[in-house]
Amino acid sequence: MKDEQEISVSRQGLERGDLHRMIAQSGWGHLLLDERQLAQSLASVRPPDDACWVFAYGSLLWNPLFDPVERRDARLAGYHRRFCFWIHAGRASPGHPGLMMGLMPGGTCRGQVLRIAPDRAAEELSLLWRREMVTGAYAPRLLPVATPQGVVRAVTFVANSRHPTFAGALAPERVAAAVAAAEGPLGRNSDYLWRTVDALRRLGIPDQGLERVARHLG
Numbered sequence: 001m002k003d004e005q006e007i008s009v010s011r012q013g014l015e016r017g018d019l020h021r022m023i024a025q026s027g028w029g030h031l032l033l034d035e036r037q038l039a040q041s042l043a044s045v046r047p048p049d050d051a052c053w054v055f056a057y058g059s060l061l062w063n064p065l066f067d068p069v070e071r072r073d074a075r076l077a078g079y080h081r082r083f084c085f086w087i088h089a090g091r092a093s094p095g096h097p098g099l100m101m102g103l104m105p106g107g108t109c110r111g112q113v114l115r116i117a118p119d120r121a122a123e124e125l126s127l128l129w130r131r132e133m134v135t136g137a138y139a140p141r142l143l144p145v146a147t148p149q150g151v152v153r154a155v156t157f158v159a160n161s162r163h164p165t166f167a168g169a170l171a172p173e174r175v176a177a178a179v180a181a182a183e184g185p186l187g188r189n190s191d192y193l194w195r196t197v198d199a200l201r202r203l204g205i206p207d208q209g210l211e212r213v214a215r216h217l218g
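Residue numbers (the working numbering): 1 to 218.
If you want it as structure tokens, here you go:
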């Protein structure tokens, strides 16, 4: 892993509305979801409190912001992980847009499922939606995910291909160039890549697409 800055999304920052404010100040505030829209989105896929699983494939692997009561290695069929939408705040700026990961159709994606404690489900899901659904760049789904102990249905954030920031399938070298140049109040875009690459390597499930991007970064 490359040298990193110790900056990232935090519970306190989300509760204060820091991410919301960063996006508003970047000139993309028109994309922000209000409290009603966030609540409706969450209600559309809300899992039962006693089976509240979340599929982690990016930053949720290394910075979930909650303490899972259980982690399982997991495989999601029908989707693959990819840098596929632009960001202009957080780990980027309007002058140097960065890229974030989402799930796009096709292939499989290996990661982990994280189970939230039943008595924490309402609070943690609300915070998770403030983080992942702040602009609606994802389409949340409740999808079947395979684990060694059996299939669970997990909250899964799939890329919203209709979103204005959706970038589609970019070549690895273009992704690397954007990620290398982008930096913002939450740190460098490249740290997001390296931490995810490192997390997947430690789990023994390196992602070849991300590894190709990492090689271009050097």
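Backbone N, C-alpha and C define an ideal beta-carbon position, used for all residues, glycine too.
It should be emphasised that the depicted structure is a prediction, and the values quoted were computed from it without experimental measurement.
In the DSSP secondary-structure assignment, T147 is bridged to G150.
Across the structure, T156 and A169 are spaced so that their CA atoms are roughly 20 angstroms apart.
From the listed residues W129, L217 and P148, the smallest Cα separation to G17 is found for W129. Considering only V54, P148, E70 and G29, the residue with the shortest C-alpha distance to P140 is V54. Across the structure, V179 and L38 are spaced so that their CA atoms are roughly 28 angstroms apart.
Around the beta-carbon of Q112, 16 or more other beta-carbon atoms lie within 10 Å, marking it buried.
In chain order, W86 and H88 place their CB closer than 6 angstroms to the CB of P97, counting only its own chain and leaving out the 5 sequence neighbours on each side.
Within the stretch 140-206, the complete beta strand (DSSP E) segments at least 3 residues long are 150-159, listed from N- to C-terminus. Taking 8 angstroms as the cut-off, the beta carbon of N189 is found closer than this to the beta carbon of L99. Listed in chain order, the non-local C-beta contacts of V213 below 8 angstroms within the same chain comprise F83, P172, V175, A176, V179 and L193, local neighbours out to five positions each way being set aside.
Judged by their CB atoms, L114 and L42 are not nearer to each other than the 8 angstroms cut-off. A Cβ-Cβ separation of about 19 angstroms leaves G136 out of contact with P105 under the 8 angstroms criterion. Cβ-Cβ separation between P94 and S26: approximately 5 angstroms, consistent with a contact (criterion under 8 angstroms).
Bounds of the alpha helix (DSSP H) holding R16 are R11 to R16. Its chain contains R72 as the residues whose beta carbon lies nearer than 8 angstroms to that of Q149, once the 5 sequence neighbours on both sides are disregarded; these appear in chain order. Counting only unbroken stretches of 3 or more residues, the beta strand (DSSP E) elements lying wholly within the stretch 50-88 are 53-56 and 70-87, in sequence order. Taking all protein chains shown into account, G204 has fewer than 16 neighbouring C-beta atoms within 10 Å of its C-beta and is therefore exposed.
CA-CA distance, D191 to R46, rounds to 31 angstroms. Beta-bridge partners of M100 (DSSP): F85.
In the three-state scheme derived from DSSP, where H, G and I count as helix and E and B as strand, L210 is classed as helix. Per DSSP, the continuous alpha helix (DSSP H) segment holding Q37 begins and ends at E35 to V45.
In the DSSP assignment, R131 falls within the unbroken alpha helix (DSSP H) covering A121 to E132.
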